[in-house]
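The structure appears below as structure tokens.
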Amino acid sequence: MKCQVGGEGRILDARNARSGGVSAGSVIFSRLKALGVDYVFANSGTDFPPIIEGLAEAAASGIALPQAITIPHEHAALGMAHGYYFMSGKAQAVMLHTNVGLANGAIGAINAATDHVPMVLMSGRTPTMEKGRFGARTVPIGWGQEMRDQAALVREAVKWDYELRFPEQIGEVLDRAHAIANSTPKGPVYISLPREVLSENIDSSDITATPLMAAAVAEPPVNAIAQAAEWLVNAKSPVIFVQRGAGDADGFTALSALARDYAIPVVHYWATQIGIPTDHPMFAGANPDPWISEADAILVIDALAPWVPDIHVPCADARIIQLGPNPLFSRFPVRNFRSDLSITTETSAGIVALHEAMRRLADPEADGRRARRASVEERTRAIREAAIAAAEQESGPVMSKAHVSWCLSRAIAKHEATVLSELGCPLAPMTLRAHKSWYQEPHSGGLGWSLPCAMGMKLARPDQLVIATLGDGSYMFANPVACHQIMEAYDIPVLILILNNAEWGAVRQSVTMLYPDGYAAKANQMPLTGLSPSPDFCKVAEASNAWARKVTDRTELPAMIEAAIAEVMENKRTALLDIRVA
Numbered sequence: 096m097k098c099q100v101g102g103e104g105r106i107l108d109a110r111n112a113r114s115g116g117v118s119a120g121s122v123i124f125s126r127l128k129a130l131g132v133d134y135v136f137a138n139s140g141t142d143f144p145p146i147i148e149g150l151a152e153a154a155a156s157g158i159a160l161p162q163a164i165t166i167p168h169e170h171a172a173l174g175m176a177h178g179y180y181f182m183s184g185k186a187q188a189v190m191l192h193t194n195v196g197l198a199n200g201a202i203g204a205i206n207a208a209t210d211h212v213p214m215v216l217m218s219g220r221t222p223t224m225e226k227g228r229f230g231a232r233t234v235p236i237g238w239g240q241e242m243r244d245q246a247a248l249v250r251e252a253v254k255w256d257y258e259l260r261f262p263e264q265i266g267e268v269l270d271r272a273h274a275i276a277n278s279t280p281k282g283p284v285y286i287s288l289p290r291e292v293l294s295e296n297i298d299s300s301d302i303t304a305t306p307l308m309a310a311a312v313a314e315p316p317v318n319a320i321a322q323a324a325e326w327l328v329n330a331k332s333p334v335i336f337v338q339r340g341a342g343d344a345d346g347f348t349a350l351s352a353l354a355r356d357y358a359i360p361v362v363h364y365w366a367t368q369i370g371i372p373t374d375h376p377m378f379a380g381a382n383p384d385p386w387i388s389e390a391d392a393i394l395v396i397d398a399l400a401p402w403v404p405d406i407h408v409p410c411a412d413a414r415i416i417q418l419g420p421n422p423l424f425s426r427f428p429v430r431n432f433r434s435d436l437s438i439t440t441e442t443s444a445g446i447v448a449l450h451e452a453m454r455r456l457a458d459p460e461a462d463g464r465r466a467r468r469a470s471v472e473e474r475t476r477a478i479r480e481a482a483i484a485a486a487e488q489e490s491g492p493v494m495s496k497a498h499v500s501w502c503l504s505r506a507i508a509k510h511e512a513t514v515l516s517e518l519g520c521p522l523a524p525m526t527l528r529a530h531k532s533w534y535q536e537p538h539s540g541g542l543g544w545s546l547p548c549a550m551g552m553k554l555a556r557p558d559q560l561v562i563a564t565l566g567d568g569s570y571m572f573a574n575p576v577a578c579h580q581i582m583e584a585y586d587i588p589v590l591i592l593i594l595n596n597a598e599w600g601a602v603r604q605s606v607t608m609l610y611p612d613g614y615a616a617k618a619n620q621m622p623l624t625g626l627s628p629s630p631d632f633c634k635v636a637e638a639s640n641a642w643a644r645k646v647t648d649r650t651e652l653p654a655m656i657e658a659a660i661a662e663v664m665e666n667k668r669t670a671l672l673d674i675r676v677a
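In case it helps, our numbering puts the sequence shown at residues 96 to 677.
Have a look at this one:
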């Protein structure tokens, strides 16, 4: 028996389910489940009815799907997918509302691209048809949201984009999207989903079949790895620059051993992740000087901008190796760091292979290396001790960010913790020993990243202490009302430290760097940087049942951090400290 409900092709899903046919929109989640996706971070709209109906039908039928997380702001959706990948290693999906939702999410796509984070980003497309087809326009925004090229909003940030043409494509298109996102170099992909296409019916019998294609993963090239190993082993003054960590736990262990075995200092200039423990004897801090000017061999590991060419100049005869998923960073029009040997490989696999290749070579510099080890260790120890002493012993009227960082480091020593810093706690005074212990904002600079990223991490690892440290400006960029609502709704307790200086400090630093003796640097109030009066951030957090306190006295800070950690780990409640800093 057929059950018609209006216009052409408008057949109830209940009948379709009995005959093996369902709407294309209703099978998206099923296919994502087959691809290993755990969560879909969604900000829904009028393009979602076929998807929402499919979710409800699956729930009623007991069909397992990725969990749909309702996200009140798109920036949070992409940030959570970003963080979930960092902690789990699994690409997730994000679903947004037409062009306006995609526009709100564009910053998150740019951040994901810069960090090589895979995700399947989707948004609806306003209906093309005005009438006569199920799914056609029904409200005025159907006209107002139409664009000639909606994907252009994110095309420069994604690896691949496609607009779904026919309903029967949905499974294969999702398979392709997922495989491309997870191929070397990883990154986001985008699919545009017209509502009429989502509303059409398809045969769902193979929607949970084995995925159609595998990701293309770059393995370390044997000859290039052997050449790099020879250069490094024979070097008298090698140095390593690492910016995005070592890939995974194996890479972290291998790089730590490589640096120790061959007495090679590891510089973390503007590091978004650490490659070795911060108390490792070869951890050389953040300053490329003087290491770069002394080096005869330089290994650059997955570093977009390992140094500043106007300030730091390698020796003309130094051999420079660039290693990583995209060692020449071809997505960026201008990046002209020299590379005498470019090695395309997943970071961890490349580091492991390089260490093994170096160990197979005879050591021509054993005596020289022993002397170098003593010299490097003395220098790195002095750098680290100076940073910690300055942070610990400060006595000014207002706390520095470094002091907060030192206090936090002591408090988390007995926990398995992950610290995110977005113009928040500096790395130098901290003691961190695990590869997932430190994340800084991507070099794309799409602020408001750290809080939703921390939420995604906590969702992936509920037992982990996850701490978002960020400036007051970054906290406001994070759409905190939306983030706190999500944390309360889905029981995602995160520790938040706002390092509040009531200004955009990064903008101030940029101005004074270019114009150190200029009018702005000498002004009582630098234009376009102040954020006074500072809002009551505690009330923002308390509106969603978070524990929140203000801290202005440095003597109270250690106890406050301990109390906040207890709230998060024992009471399973988000905690926020609004800390006044210079």
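Note that the Cβ used here is the ideal one computed from N, Cα and C, for glycine as well.
Compute the beta-carbon to beta-carbon distance between residue i and residue j, rounded to the nearest angstrom, for a pair I have assumed lies under 8 Å.
i    : j    : result
E225 : P262 : About 20 Å; that fails the 8 Å criterion.
S504 : G543 : In fact, because the Cβ distance is near 25 Å, the residues do not count as touching under 8 Å.
R649 : L672 : Contact doesn't hold; Cβ gap of about 13 Å is too wide.
G203 : G541 : 7 Å
G149 : S121 : 2 Å
A188 : V132 : 5 Å
A381 : H363 : 5 Å
T564 : C633 : So it is not a contact: roughly 16 Å between Cβ atoms.
Taking the beta carbon of residue i as the centre, do at least 16 other beta carbons fall within 10 Å, making it buried, or is it exposed?
i    : result
M550 : buried
F572 : buried
L652 : buried
L609 : exposed
N619 : exposed
N595 : buried
V284 : buried
P459 : exposed
D462 : exposed
R414 : buried
E598 : buried
D374 : exposed
T233 : exposed
E665 : exposed
What are the start and end residues of the beta strand (DSSP E) that includes residue i?
i    : result
F336 : P333 to V337
E460 : Where E460 is concerned, there is no enclosing beta strand (DSSP E), given that its DSSP letter is neither H nor E.
K667 : Per DSSP, K667 belongs to no beta strand (DSSP E) and is neither H nor E.
A188 : Q187 to L191
T513 : A512 to E517
Going by Cα to Cα distance, which pick from the options is closest to residue i?
i    : options                   : result
R584 : H407, S300, I286 and A638 : The question names Arg, but residue 584 is Ala in the sequence shown. A584 has its Cα closest to that of A638, out of H407, S300, I286 and A638.
E241 : E487, L197 and H273       : L197
L394 : V337, T367 and N421       : V337
D405 : P383, L288 and D391       : P383
L418 : Y179, T442 and L288       : T442
E489 : P524, L307, A477 and I369 : P524
E511 : A486, S539, R556 and K496 : R556
Y357 : A466, A413 and V292       : A466
A390 : A381, T373, D374 and A411 : A411
W365 : H375, D374, T348 and A398 : A398
K281 : I147, G227 and T439       : T439
Y180 : S539, V493 and G342       : G342
P376 : R126, L423 and E480       : E480
G140 : M217, A274, V447 and I507 : M217
For a quick check, are the C-beta atoms of residue i and residue j less than 8 Å apart?
i    : j    : result
N138 : E169 : yes
A276 : M214 : yes
C548 : H177 : yes
P680 : V334 : The structure shown has nothing for residue 680, since the chain only spans 96 to 677.
V249 : A201 : yes
I581 : I166 : yes
T223 : E291 : yes
L259 : L288 : yes
A670 : V663 : yes
S500 : A677 : no
L293 : G239 : no
L683 : A319 : Because the chain in this structure spans residues 96 to 677, residue 683 falls outside the shown range and cannot be described.
P575 : V514 : no
I656 : L560 : no
S351 : I369 : no
Could you give the first and the last residue of the continuous alpha helix (DSSP H) run that contains residue i?
i    : result
V292 : R290 to S294
A356 : Looking at the sequence provided, one finds Asp at residue 356 rather than Ala. Per DSSP, D356 belongs to the alpha helix (DSSP H) from A344 to D356.
S500 : K496 to A506
I387 : W386 to E389
L160 : First-last for L160: undefined, no H or E at that position.
Can you tell me whether residue i sits near the ligand ATP, meaning its C-beta is under 7 Å from at least one heavy atom of the ligand?
i    : result
H538 : Of the ligands one can find in the structure shown there are none, so the ligand ATP has no counterpart to examine.
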